[in-house]
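**Student:** Quick one: this structure, given as structure tokens, is what I'll be asking you about.
Protein chains: 2
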Amino acid sequence: MNKNKGVAGEEPSGALMADVARLAGVAISTVSRALANPGRVNEKTRAKINAAARQLGYTPNAMARGLRVGKSNTIMIILPGSPYYGASQIIPQVLQSINKSLIQRGYNLMIANLDREEASERHILDLAFSGTVRGAIIFSSKLPEIEGRSPAGAGLPIVSMLFDMSDAGLPSVVTNDREAIRDATMELIRSGHRRFLYIAGPEGNYHDVERYAGVLEALRAEGLSEEAVSRSGGDLEYQHGFEIGIRAAEDFMKLAVRPTAVIATSDDMAISFMSIIQRAGLVIPEHVSVVSFDGSPVCEFCSPPLSTIKQPVEEMGRAAVELLLGAISQTQDAATTRTVIRSQLILRESIAPARD
Amino acid sequence: MNKNKGVAGEEPSGALMADVARLAGVAISTVSRALANPGRVNEKTRAKINAAARQLGYTPNAMARGLRVGKSNTIMIILPGSPYYGASQIIPQVLQSINKSLIQRGYNLMIANLDREEASERHILDLAFSGTVRGAIIFSSKLPEIEGRSPAGAGLPIVSMLFDMSDAGLPSVVTNDREAIRDATMELIRSGHRRFLYIAGPEGNYHDVERYAGVLEALRAEGLSEEAVSRSGGDLEYQHGFEIGIRAAEDFMKLAVRPTAVIATSDDMAISFMSIIQRAGLVIPEHVSVVSFDGSPVCEFCSPPLSTIKQPVEEMGRAAVELLLGAISQTQDAATTRTVIRSQLILRESIAPARD
DNA sequence: TTGTATGCGTTATCAA
DNA sequence: TTGATAACGCATACAA
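Residue numbers (my numbering), protein chains in the order written: chain S, 1 to 356; chain P, 1001 to 1356.
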């Protein structure tokens, strides 16, 4: 049955189920059953079949199975556009976590990039409509849509991660942005800070709205006016964090009365911000305290070590996988939910009491 | 033919080729030909077919095609074990670059992780033997092998990237490690440095061997003794770069005569190294110059900005894809080659003349 | 408990 | 240039 038994020039292409069946002396369907429903086949024949399969190094053909059962076992993760090393030093961690969870559940992970080019949207939609993928975890604030085709139209379950897209009908796994920033801001206020610079992600973005709201809540709670905070940024995406931080530093230096504390909405922003203002002669945290968002590993080794709100990316990845596989296995749609996993504020030397 | 035409409770699952054929009033095989070999079908019927396909939003089923033609169009990238955010802030860039190249050529990218657990090796081998993937780009210094099964045994073309594995028979895309480090070291020697600390990756590793050889070559070229360089590290993998740098800093502080220049074999090592020795009161570059390897974006914003040898990861990714697709399309194996793409030394303020 | 037979959606061979 | 038909490798309904 296996046509490639060593013919020169032919690549060997593993044993087939038929080969196993013949070696075990049973029908092909029995092999199939033995492998899929071990309970529904005689123990002795099952042993024979397993032995034969092992001997031949048999591995079921995934495409044949997929075609037959009408489902793929591949999940796609949609990452933000190029280059995405900016905002997310955490992407490798997320991939790692998601991939591991998926493998445990018998799934594979495929990568897709969503940038501004139409080709990338088309590719993602093809992945969906060609039946290549069974579900998607999206990591970007926009959904691909082109010529009226959308992943939802392909009947593809999608879960959003990091970005809350429950408004768009996607179950989302996010962290408690608002609360986390509020707590960090209150921490700053309690240590005497009264004037703040907030370095924003893209304006109107869920996270920006939530995080800025967190700042305002803290001000209100502590009896300060909203005037206490200036904003910088708002026009670039998170993946351009370094650039946002650079511009924020310029804004900062120009302010008549300088804030004593800076709240950056990604680590990258804070890192380039600190770098620039230090070159300009300012000292952190003496002249200005800095706290940021993400919790990338490098923060620990910044100078000074950077306080950051650490997103629990591993947990978020696991939660996203749970949600997605749940939506896949159930025929009814999962209720549109927002799963919140708490961040953790890591205090380091970039924060000090205000010295007014 | 499409059984799911709006029946409540049934998810719509795109149009089939048969649907297109019926709408266009031709046979299925004609549709197939029109889509695959547009040249071999009458222009008018082709137009009809295209119109029908567009109208129905037809996308070919990838698994059916894959099964029929006996090939998948998915490439897998094998990333080093968990957590791999350490040594490679550059991984997202690499993924980006590879994915983009692959998509242009009609392929998809699947992720696999290779850590110390047997499950991960098994998963990778299953991906290979199940026909899920057509080729692999490997990013790790070891190959999965378990129970005698190996990717090569599955007839799977593999290309190694970053790591030179041409000894193991894999075409490899690497950078000019030795030369790059040699040039950087000579740069240091020329500006007066005479004592060096070399922070190593895992001992015996190709890169470590090459890079250390580069240091020695530079010393020799400038008439210095090999005694001029001390080594630190050697027992941890690159993904533990931060930890390696921390230990190196401890080693450094203990040395009787301290080196005036440090050569780290990854950015992470240098970043944590600088952080620790600065906390100990040393000043960079006054007391010690630092240069590292990788070229991650964050180096620009270290304090001081970190000199680094930038690996051209985008180019390397493209080259790896070219090599792999070449090996896939040709029946004969590609000659085992080593493709070298030159790194670029980026000089920043972490380097200054020795002040002896 | 096991075997036979059919079909998943596509491509490719062969006639027409 | 087009159409009927047979695989691809597996899973499952049904018969034995």
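In this text, a Cβ means the ideal position worked out from N, Cα and C, and glycines have one as well.
Taking only beta-carbon atoms, is V298/S less than 9 Å away from chain P?
**Tutor:** V298/S counts as touching chain P.
**Student:** At 7 Å on the CB atoms, spell out the chain S contacts of R1149/P, in chain order.
**Tutor:** Those are G57, listed as they occur along chain S.
**Student:** Is the region 172-179 of chain S in contact with the region 206-214 of chain S, if contact means three or more CB pairs nearer than 8 Å?
**Tutor:** Yes: at least three Cβ pairs fall under 8 Å.
**Student:** When the cut-off is 9 Å and only beta carbons count, does P1144/P lie next to chain S?
**Tutor:** Chain S, which has no Cβ nearer than 9 Å to the Cβ of P1144/P, makes this no.
**Student:** Can you find the residues in the same chain that come closer than 8 Å, C-beta to C-beta, to P285/S, ignoring five residues on each side of it along the sequence?
**Tutor:** Excluding positions up to five away in sequence, the list reads P304, E349, S350, I351, A352.
**Student:** By the 10 Å Cβ neighbour count, where 16 or more other Cβ atoms means buried, how is I1146/P classified, buried or exposed?
**Tutor:** I1146/P comes out exposed.
**Student:** Relative to the alpha-carbon of A1261/P, which residue among L1325/P, V1288/P, G1169/P has its alpha-carbon at the smallest distance?
**Tutor:** Comparing Cα-Cα distances from A1261/P to each of L1325/P, V1288/P, G1169/P, the minimum goes to V1288/P.
**Student:** Helix, strand or coil, according to DSSP, for F1293/P in the structure here?
**Tutor:** Reduced to three states, the DSSP call for F1293/P is strand.
**Student:** Does the region 1152-1160 of chain P come into contact with the region 1313-1329 of chain P, if we say contact requires no fewer than three beta-carbon pairs (one atom in each stretch) closer than 8 Å?
**Tutor:** The region 1152-1160 of chain P is in contact with the region 1313-1329 of chain P.
**Student:** Going along the chain, which unbroken runs of the beta strand (DSSP E) with 3 or more residues stay wholly within the region 192-235 of chain S?
**Tutor:** Whole beta strand (DSSP E) segments, 3+ residues: 196-200, 229-233.
**Student:** Does H193/S come within less than 9 Å of chain P when only Cβ atoms are used?
**Tutor:** With 9 Å as the cut-off, H193/S does not count as an interface residue toward chain P.
**Student:** Return the chain-ordered ranges of every alpha helix (DSSP H) run that is complete within the region 129-160 of chain S and spans a minimum of 4 residues.
**Tutor:** Taking only runs of at least 4 residues, no alpha helix (DSSP H) segment lies wholly in the region 129-160 of chain S.
**Student:** Measuring straight from C-alpha to C-alpha, what distance separates Y1084/P and Y1238/P?
**Tutor:** Low confidence applies here, because Y1084/P scores a pLDDT of 45, under 50, leaving its location unreliable; read the following figure in that light. Taking the straight line from one Cα to the other gives about 9 Å.
**Student:** Taking the C-alpha atoms as reference points, what is the distance between G1014/P and T1059/P?
**Tutor:** Roughly 7 Å separates the two Cα atoms.
**Student:** Beta-carbon of T339/S versus every beta-carbon of chain P: anything under 9 Å?
**Tutor:** No, its Cβ sits nowhere closer than 9 Å to a Cβ of chain P.
**Student:** So P1060/P contacts chain S; which residues on that side make the cut at Cβ distance below 8 Å?
**Tutor:** Residues of chain S passing the Cβ test: S130.
**Student:** Starting from K100/S, follow the alpha helix (DSSP H) in both directions and report where the run begins and ends.
**Tutor:** It spans 91-104 - the alpha helix (DSSP H) in which K100/S sits, taken as one unbroken run.
**Student:** Helix, strand or coil for P1080/P? Go by DSSP, reduced to three states.
**Tutor:** P1080/P falls in the strand class under three-state DSSP.
**Student:** So which residues on chain S does R1126/P lean against when the C-beta distance must stay under 7 Å?
**Tutor:** One detail in the question is off: residue 1126/P reads as Asp in this sequence, not Arg. T59, listed in chain order.
**Student:** What's the call for M110/S, buried or exposed, on a 16-neighbour Cβ count within 10 Å?
**Tutor:** Classification of M110/S: buried, given that the 10 Å Cβ count is 16 or more.
**Student:** Would you mind giving the Cβ-Cβ distance between L1114/P and G1153/P, rounded to the nearest angstrom? I have them listed as a contact below 8 Å.
**Tutor:** Not quite, the Cβ-Cβ distance comes to about 17 Å (not below 8 Å), so this is no contact.
**Student:** Counting beta carbon pairs with one atom in the region 1129-1148 of chain P and one in the region 118-137 of chain S, are three or more of them shorter than 8 Å?
**Tutor:** Result no; under three Cβ-Cβ pairs closer than 8 Å.
**Student:** Could you tell me which of G1223/P, V1173/P, V1041/P sits nearest to T1185/P, measuring between CA atoms?
**Tutor:** Closest option to T1185/P, Cα to Cα, is G1223/P.
**Student:** Among all the DSSP beta bridges, which residues are the ones paired with S412/S?
**Tutor:** There is no way to answer for residue 412/S, as the model of chain S reaches only from 1 to 356.
**Student:** If distances are taken between C-alpha atoms only, which option among I77/S, M161/S, Y198/S comes closest to M316/S?
**Tutor:** Nearest C-alpha to M316/S: M161/S.
**Student:** Return the residues of the region 1300-1330 of chain P that lie within a Cβ-Cβ distance of less than 7 Å from chain S, sorted by chain order.
**Tutor:** Against chain S - using a Cβ distance shorter than 7 Å - the residues of the region 1300-1330 of chain P are F1301, S1303.
**Student:** Check the C-beta distance from N1073/P over to G1106/P and give it rounded, since I have them as a contact under 8 Å.
**Tutor:** Confirmed, Cβ separation roughly 6 Å.
**Student:** To the nearest angstrom, how far is the alpha carbon of S1166/P from that of Q1278/P?
**Tutor:** Rounded to whole angstroms, S1166/P to Q1278/P spans 40 Å at the Cα level.
**Student:** What span of residues does the beta strand (DSSP E) with I346/S cover, start to end?
**Tutor:** Element bounds for I346/S: 344-346.
**Student:** What's the call for K1100/P, buried or exposed, on a 16-neighbour Cβ count within 10 Å?
**Tutor:** Buried is the call here.
**Student:** Output yes if chain P places a C-beta closer than 9 Å to the C-beta of V123/S; else output no.
**Tutor:** The residue asked about is misnamed: residue 123/S is His in this sequence, not Val. Chain P contact via Cβ: present.
**Student:** Got a sec, what are the start and stop residues for the beta strand (DSSP E) I263/S sits in?
**Tutor:** From DSSP, the beta strand (DSSP E) with I263/S extends over 261-264.
**Student:** Tell me which residue opens and which closes the alpha helix (DSSP H) that L1188/P is part of.
**Tutor:** Segment 1177-1190, the alpha helix (DSSP H) holding L1188/P.
**Student:** With a threshold of 6 Å on Cβ separation, who are the neighbours of P1202/P within its own chain once the five nearest residues in sequence on each side are excluded?
**Tutor:** E1237, listed in sequence order.
**Student:** Rounded to the nearest angstrom, what separates K254/S and S232/S at their Cα positions?
**Tutor:** K254/S and S232/S: Cα-Cα distance of roughly 12 Å.
**Student:** Does chain S have any CB closer than 9 Å to the CB of G1245/P?
**Tutor:** Closer than 9 Å: yes.
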